[in-house]
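K.L.:
I have a structure here, written as structure tokens, and I will follow up with some questions on it.
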Amino acid sequence: MGKTITEKIFDAHCTDEPFTGTYVLKLDAVFCHEITTPIAINDLVRRGKDRVFDRNRIKAVIDHVTPAKDSKTAEQGKIMRDWARRHKIKDFFDVGSNGVCHALFPEKGFVRPGYTIIMGDSHTCTHGAFGAFAAGVGTTDLEVGILKGVCAFRKPQTIRVNLTGKPGKGVYAKDLILEVINKLTVKGATDCVIEFHGPVVAAMTMDSRMTLCNMAIEAGGTSGICMPDLVTVKYLWPFIKKQYASTGAAVQAFKKWHSDPDAEYVRVLDINVSKSAPRVTVGYKPDESKEVSAVKGTRVDQVYLGSCTNGRLEDLAIAAKMLKGKKIAPTVRGIVSPATPAVFAAALKRGYIDTFMKAGMCVTNPTCGACLGMSNGVLASGEVCASTTNRNFFGRMGKGGMVHLMSPATAAATAITGVITDPRKYL
Amino acid sequence: MKNFSGRVLFLDRSDINTDEIIPAKYLTEVSKEALKPHILEDLKLPSFSGPADCAGKSVIITRANFGCGSSREHAPWVLEVNGITAVIAESYARIFRQNMFNCGLLAIELKKEDIEGVFALKADDAVMDIDFSARRITVTSSHGRKEITFFLSPFDASLVEAGGWVEFADKRY
Numbered sequence: 001m002g003k004t005i006t007e008k009i010f011d012a013h014c015t016d017e018p019f020t021g022t023y024v025l026k027l028d029a030v031f032c033h034e035i036t037t038p039i040a041i042n043d044l045v046r047r048g049k050d051r052v053f054d055r056n057r058i059k060a061v062i063d064h065v066t067p068a069k070d071s072k073t074a075e076q077g078k079i080m081r082d083w084a085r086r087h088k089i090k091d092f093f094d095v096g097s098n099g100v101c102h103a104l105f106p107e108k109g110f111v112r113p114g115y116t117i118i119m120g121d122s123h124t125c126t127h128g129a130f131g132a133f134a135a136g137v138g139t140t141d142l143e144v145g146i147l148k149g150v151c152a153f154r155k156p157q158t159i160r161v162n163l164t165g166k167p168g169k170g171v172y173a174k175d176l177i178l179e180v181i182n183k184l185t186v187k188g189a190t191d192c193v194i195e196f197h198g199p200v201v202a203a204m205t206m207d208s209r210m211t212l213c214n215m216a217i218e219a220g221g222t223s224g225i226c227m228p229d230l231v232t233v234k235y236l237w238p239f240i241k242k243q244y245a246s247t248g249a250a251v252q253a254f255k256k257w258h259s260d261p262d263a264e265y266v267r268v269l270d271i272n273v274s275k276s277a278p279r280v281t282v283g284y285k286p287d288e289s290k291e292v293s294a295v296k297g298t299r300v301d302q303v304y305l306g307s308c309t310n311g312r313l314e315d316l317a318i319a320a321k322m323l324k325g326k327k328i329a330p331t332v333r334g335i336v337s338p339a340t341p342a343v344f345a346a347a348l349k350r351g352y353i354d355t356f357m358k359a360g361m362c363v364t365n366p367t368c369g370a371c372l373g374m375s376n377g378v379l380a381s382g383e384v385c386a387s388t389t390n391r392n393f394f395g396r397m398g399k400g401g402m403v404h405l406m407s408p409a410t411a412a413a414t415a416i417t418g419v420i421t422d423p424r425k426y427l
Numbered sequence: 001m002k003n004f005s006g007r008v009l010f011l012d013r014s015d016i017n018t019d020e021i022i023p024a025k026y027l028t029e030v031s032k033e034a035l036k037p038h039i040l041e042d043l044k045l046p047s048f049s050g051p052a053d054c055a056g057k058s059v060i061i062t063r064a065n066f067g068c069g070s071s072r073e074h075a076p077w078v079l080e081v082n083g084i085t086a087v088i089a090e091s092y093a094r095i096f097r098q099n100m101f102n103c104g105l106l107a108i109e110l111k112k113e114d115i116e117g118v119f120a121l122k123a124d125d126a127v128m129d130i131d132f133s134a135r136r137i138t139v140t141s142s143h144g145r146k147e148i149t150f151f152l153s154p155f156d157a158s159l160v161e162a163g164g165w166v167e168f169a170d171k172r173y
């Protein structure tokens with residue numbers, strides 16, 4: 001019987017099986033940010049084990065609250081900074097070079113097909129877009145990862161999602177993943193990897209594939225994953241061109257990470273996206289989404305464009321195209337957080353930042369900020385935000401606040417009118 | 001190994017998420033103890049009146065998919081610093097469940113009907129005795145008494161016995 005990509009990655013990285021069904025994997029990369037890493041660092045120091053398994057395989061960033069907003073976040077930054085210097089971690093991104101981890105690290109070429117990656121962040125599943133096994137973990141797993149370069153997993157089962165047909169106008173990766181989560185439910189993929197297949201995925205950019213994989217965790221998934229192909233290779237080419245004679249050779253080499261045709265799946269979900277529509281979440285769980293027509297007209301106080309889900313250049317481009325020459329509604333606060341300095345710079349060069357500012361929006365530095373109610377756009381109790389982020393839990397963006405998750409296009413249309421709006425009439 | 005027995009906190013809802021267990025705004029703390037007053041602060045349930053209800057409790061009994069959402073280990077930590085060392089649920093989010101065992105805490109899964117059976121004994125005086133070696137929980141309240149056996153994978157049990165994943169991994173790797 002054939003194997004899934006995840007089974008192949010597990011086979012290639014398993015260094016110990018202490019008990020049947022428990023796989024201890026060697027890690028190709030351990031990603032760190034300032035919210036979940038400082039307690040691991042402090043614990044290693046307390047144990048007299050302040051070491052790192054491989055300083056070149058550890059990548060660190062300050063992204064959740066940056067620049068520091070108060071003494072506590074300044075202390076978290078300092079712990080990270082001192083630790084990175086102490087261990088000569090060269091890939092450490094601080095104020096001036098930092099951005100949202102799941103947008104920044106792929107951009108820096110730190111993710112490769114077949115890699116095993118952990119991070120103390122649930123949206124680590126984003127990196128599966130490159131054909132890597134990338135899982136969010138807690139601080140203890142992170143701590144052992146930093147110290148030993150290993151992490152234990154039960155071998156996940158795989159759910160195969162086939163996206164066929166042709167997405168209509170105004171339907172993006174965000175709408176499709178909201179539809180997938182709606183079908184799977186918030187626990188439907190627990191202990192599973194979600195594999196994305198089909199012509200719709202094959203035609204997607206890496207930015208879109210990252211949006212797709214980013215929200216696998218919202219269905220409970222251990223990771224999302226796409227098969228590496230020419231799109232993947234072209235994205236990675238500046239980082240891998242010395243290793244392969246041509247892009248074609250790289251595509252060929254990465255085929256060893258493709259799931260076999262006779263691989264076993266615990267569930268197969270077929271979605272013909274020709275029938276899909278822009279979607280918006282309506283409640284406090286990411287699986288509670290409806291077609292935009294069902295919620296259009298809902299008043300919002302804030303529109304947020306950013307995050308590891310939808311803060312990349314492609315996302316800003318869609319919104320800028322719709323907002324060009326327009327003003328956002330006077331009742332709405334519009335906030336744009338380009339996910340990385342490179343995204344910011346490109347958006348500036350292409351005139352998107354000018355468009356956003358002329359529309360009356362605030363453009364912040366790259367940070368996770370408002371997504372989890374930590375900075376740069378926290379809601380007051382009773383306020384509502386139309387957001388391109390990934391979680392709509394009650395109070396997520398501020399105590400008593402409500403979040404409607406949607407695509408950048410739907411968010412831009414909503415910013416213009418001040419109420420949840422179908423983006424298709426602006427496209 | 002920790003003590004896993006004591007008074008029971010009943011949280012009668014599925015999909016209780018990490019933001020409800022400990023809101024993100026407290027993730028700026030760099031000590032576990034500082035999280036203590038904020039346990040389940042954003043959880044809104046008819047039968048739950050906030051952090052004060054957690055005082056003196058050692059075990060949480062809840063429904064399906066407990067701990068979904070964020071990877072923050074602050075969720076198990078805020079339970080631990082409040083003296084809650086075990087959670088009993090129909091199912092868990094993967095990362096939360098792993099984090100519990102990684103801290104040497106217990107995340108026990110029971111069948112839906114067994115969870116119902118425990119909720120049937122819901123009362124202020126409910127006490128749960130967890131016999132780790134016998135893999136058996138005993139719930140006693142003014143509504144009655146119930147014994148249920150549970151299963152732990154050998155790996156999960158080893159983490160509890162070792163006191164957590166750092167201790168386990170440090171000896172082995």
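Chains as they are written, first to last, in the working numbering: chain A, 1 to 427; chain B, 1 to 173. Yeah, the Cβ is synthetic: ideal placement off N, Cα and C, and Gly gets one too. Note that this is a predicted model, so its numbers are computed, not measured.
1. Ignore the nearest five residues each way along the sequence and tell me which others in GLY198(A)'s own chain have a CB closer than 7 Å to its CB.
2. What does ASN98(A) reach in chain B if we use C-beta pairs closer than 7 Å?
3. Using a beta-carbon distance cut-off of less than 7 Å, what residues from the stretch 349-376 of chain A approach chain B?
4. Three-state secondary structure (DSSP) at VAL200(A)?
5. In the DSSP assignment, the alpha helix (DSSP H) including ALA173(A) goes from what residue to what residue?
6. What residues match up with ASP131(B) in a beta bridge as DSSP calls it?
7. Would you please verify whether the beta carbon of ASP12(B) is less than 8 Å from any beta carbon of chain A?
8. Beta-carbon separation of CYS101(A) and CYS308(A) under 8 Å?
9. Can you check whether the C-beta of PHE394(A) is within less than 8 Å of a C-beta belonging to chain B?
10. Take ALA189(A) and list the residues in its own chain whose beta-carbon comes closer than 7 Å to its own, dropping the five residues that flank it on each side.
11. Quick one: measure Cβ to Cβ for LYS333(A) and ASP354(A), integer angstroms, because I've assumed they're closer than 8 Å.
12. Please go through the same chain and pick out, in chain order, the residues whose beta-carbon is closer than 7 Å to the beta-carbon of ALA294(A), but skip the five residues on each side of it.
13. Does any residue of chain A bring its CB to less than 8 Å from the CB of CYS54(B)?
14. Verify the CB distance criterion: does ARG94(B) have a CB-CB separation below 8 Å to chain A?
15. Just verifying my parser: in three-state terms, what is the DSSP assignment at GLU41(B)?
16. For the candidate residues ALA169(B), ARG145(B), ASP42(B), whose alpha-carbon lies nearest to that of ASP156(B)?
17. Quick one: what's got a C-beta closer than 8 Å to MET322(A)'s C-beta in the same chain, skipping five residues either side?
18. Let me make sure I understand the geometry here. Which of PHE196(A), TRP237(A), VAL273(A) has the alpha-carbon closest to that of SER259(A)?
19. Could you tell me the boundaries of the beta strand (DSSP E) in which ASN162(A) lies?
20. Use the C-beta contact count for MET357(A): other C-beta atoms within 10 angstroms, 16 or more gives buried, fewer gives exposed.
21. DSSP state of ARG47(A), grouped into three classes?
22. Tell whether a beta-carbon distance below 8 Å holds between CYS54(B) and GLU80(B).
23. Closest to SER274(A) by C-alpha separation, out of ASP262(A), VAL231(A), GLU179(A), would be which residue?
24. In whole angstroms, what is the alpha-carbon distance linking ILE318(A) and SER141(B)?
25. Which same chain residues, not among the five before or five after VAL233(A), have their C-beta less than 6 Å away from its C-beta?
26. Taking beta-carbon pairs under 7 Å, can you tell me which members of the stretch 102-130 of chain A lie near chain B?
27. Count the other CB atoms within 10 Å of the CB of MET428(A); is the residue buried (16 or more) or exposed (fewer)?
28. If you run the structure through DSSP and keep just helix, strand and coil, what is ASP262(A)?
29. When we look at the beta-carbon of LYS8(A) and count the other beta-carbons within 10 Å, is it buried (16 or more) or exposed?
30. Relative to the C-alpha of GLY311(A), which residue among ALA347(A), VAL292(A), SER276(A) is closest?
31. Among all the DSSP beta bridges, which residues are the ones paired with CYS226(A)?
32. Is PHE31(A) helix, strand or coil when you go by DSSP?
33. Hey, could you find the ends of the alpha helix (DSSP H) ILE9(A) is sitting in?
34. State the CB to CB distance for the pair VAL150(A) and LYS26(A), rounded to an integer number of angstroms; the pair is presumed to be in contact (CB under 8 Å).
35. Determine the chain A residues that contact ARG63(B) at a beta-carbon separation under 8 Å, and present them in chain order.
36. Within 8 Å of any Cβ in chain A, is that where the Cβ of ARG135(B) sits?
P.N.:
Looking at the atomic coordinates:
1. Against the first sequence, residue 198(A) aligns to sequence position 198. Counting only Cβ-Cβ distances below 7 Å, and skipping sequence neighbours, we find ASN162, LEU163, THR164.
2. Mapped onto the first sequence, residue 98(A) falls at position 98. Ordered by position in chain B, no residue passes the 7 Å Cβ test against ASN98(A), which lies about 17 Å from the chain.
3. LEU372, GLY373, MET374
4. As a working note, residue 200(A) is residue 200 in the first sequence. Here VAL200(A) sits in helix by DSSP.
5. Sequence index remark: in the first sequence, residue 173(A) carries index 173 (1-based). Per DSSP, ALA173(A) belongs to the alpha helix (DSSP H) from 173-184.
6. The sequence position of residue 131(B) within the second sequence is 131, counting from 1. Answer by DSSP bridge pairing, in chain order: ARG136(B).
7. Against the second sequence, residue 12(B) aligns to sequence position 12. Chain A contact via Cβ: absent.
8. As a working note, residue 101(A) is residue 101 in the first sequence. As a working note, residue 308(A) is residue 308 in the first sequence. Cβ atoms of CYS101(A) and CYS308(A): closer than 8 Å.
9. The sequence position of residue 394(A) within the first sequence is 394, counting from 1. Interface residue, yes.
10. As a first step, residue 189(A) is located in the first sequence; it is residue number 189 there, counting from the start. Taken in chain order, the residues that qualify are ILE159, ALA216, ALA219, GLY220, GLY221.
11. Taking the first sequence and counting its residues from 1, one reaches residue 333(A) at position 333. Taking the first sequence and counting its residues from 1, one reaches residue 354(A) at position 354. Checking the sequence shown, residue 333(A) turns out to be Arg, not Lys. Not quite, the Cβ-Cβ distance comes to about 19 Å (not below 8 Å), so this is no contact.
12. By one-based count along the first sequence, residue 294(A) stands at place 294. Nothing meets the Cβ criterion.
13. If you number the second sequence from 1, residue 54(B) lands on position 54. Chain A contact via Cβ: absent.
14. Position 94 of the second sequence, counted from the first residue, corresponds to residue 94(B). At least one chain A Cβ lies under 8 Å of ARG94(B).
15. Within the second sequence, the letter at position 41 stands for residue 41(B). Correct three-state label for GLU41(B): coil.
16. Locating residue 156(B) in the second sequence gives position 156, where the first residue counts as 1. Per the Cα distances, ALA169(B).
17. Locating residue 322(A) in the first sequence gives position 322, counting from the first residue. If we look at MET322(A) and ignore the five residues flanking it on each side, its Cβ neighbours are ALA409, ALA412, ALA413, ILE416, PRO423, TYR426, LEU427.
18. Counting from 1 along the first sequence, the entry for residue 259(A) is found at position 259. Of the listed residues, the one whose Cα sits closest to SER259(A) is PHE196(A).
19. Along the first sequence, read from residue 1 onward, the residue named residue 162(A) stands at position 162. 157-164 is the extent of the beta strand (DSSP E) around ASN162(A).
20. The count along the first sequence starts at 1 and reaches residue 357(A) at position 357. Answer is exposed; the Cβ neighbour count stays below 16.
21. Counting from one through the first sequence, the residue named residue 47(A) turns up at place 47. ARG47(A) falls in the coil class under three-state DSSP.
22. To locate residue 54(B), count along the second sequence from 1; it is residue 54. To locate residue 80(B), count along the second sequence from 1; it is residue 80. No, Cβ-Cβ distance for CYS54(B) and GLU80(B) is not below 8 Å.
23. Start at 1 with the first residue of the first sequence, and residue 274(A) comes out as number 274. Considering only alpha carbons, the answer is GLU179(A).
24. Indexing the first sequence from 1 puts residue 318(A) at position 318. Indexing the second sequence from 1 puts residue 141(B) at position 141. Approximately 59 Å, taken between the alpha carbons.
25. Numbered from 1 along the first sequence, position 233 holds the residue referred to as residue 233(A). Excluding positions up to five away in sequence, the list reads THR247, ALA250, VAL251.
26. GLY120, ASP121, SER122
27. Given a span of 1 to 427 for chain A in the structure shown, any question on residue 428(A) remains unanswerable.
28. Within the first sequence, numbered from 1, the residue matching residue 262(A) stands at position 262. Coil at ASP262(A), not helix or strand.
29. If you number the first sequence from 1, residue 8(A) lands on position 8. The residue is buried, with at least 16 neighbouring Cβ atoms inside 10 Å.
30. Working through the first sequence from its first residue, we reach residue 311(A) at position 311. Ranking the options by Cα distance to GLY311(A), first place goes to ALA347(A).
31. Start at 1 with the first residue of the first sequence, and residue 226(A) comes out as number 226. Paired residues: PHE196(A).
32. Along the first sequence, read from residue 1 onward, the residue named residue 31(A) stands at position 31. Three-state result, PHE31(A): strand.
33. The sequence position of residue 9(A) within the first sequence is 9, counting from 1. 5-13 is the span of the alpha helix (DSSP H), which, as asked, contains ILE9(A).
34. Counting from 1 along the first sequence, the entry for residue 150(A) is found at position 150. Counting from 1 along the first sequence, the entry for residue 26(A) is found at position 26. The pair is a contact, with the Cβ atoms about 6 Å apart (cut-off 8 Å).
35. Sequence index remark: in the second sequence, residue 63(B) carries index 63 (1-based). Those do not exist, as ARG63(B) stays about 11 Å from chain A at its closest Cβ, beyond 8 Å.
36. The residue given as residue 135(B) occupies position 135 in the second sequence. Cβ-Cβ to chain A under 8 Å: no for ARG135(B).
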